[in-house]
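Heads up, the thing below is written out as structure tokens.
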Amino acid sequence: MSIRSELFDGLKTIPGVGMVVSEWPKTFTTLPLICFQISDRAPLKNFDYDQESEVKVLINLWGADKVGVSELALQVSAKMAQLGYRRTMEMDNSSLENELKRIDMRFISHQ
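Residue numbers (my numbering): 97 to 207.
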């Protein structure tokens, strides 16, 4: 199974998630929304690329309210830990002008 498929299938199992996508969404009509991207996949030491790699994942969470997005962030952290990833950053990226609430997260793993 590919890393992208594993992440997609794992994140889809989080209860209450409206949509999971692996590229920036064109619309934000189905909330809460999880957008993930594999931001880097570098071989460790001198291993081949397809053998053992350090994988970095960027996840953007979108929702209608701050509490809901914060609760989703806890669920995403737990799911990513189950999948073997460690959170390295979490940042509230919501703006006062925007009705949508957003949290950005980064994870790292050794696959």
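A virtual CB, placed ideally from N, CA and C, is assigned to each residue, including glycine.
A quick note: this is a predicted structure, and the numbers were derived from the prediction, not measured.
Item                                                                                                            : Value
Sub-8 Å separation of Pro-128 and Gly-106 beta-carbons                                                          : no
Contacting residues, own chain, Cβ-Cβ under 7 Å from Glu-102 (five flanking each side not counted)              : Leu-179
Residue burial classification, Leu-168 (beta-carbon count within 10 angstroms, cutoff 16)                       : buried
Residues near Gly-114 in its chain [Cβ-Cβ closer than 7 Å; skip 5 each side]                                    : Thr-126, Leu-127, Pro-128, Leu-129
Ser-166 versus Phe-203 - alpha carbon distance                                                                  : 17 Å
Sequence-distant residues of its chain with Cβ nearer than 7 Å to Asp-188 (five each side left out)             : Ile-199
Sequence-distant residues of the same chain with beta carbon closer than 6 Å to Leu-154, five excluded per side : Gln-133, Ser-135, Arg-202
For Leu-129, three-class secondary structure by DSSP                                                            : strand
Which of helix, strand or coil DSSP assigns to Gly-180                                                          : coil
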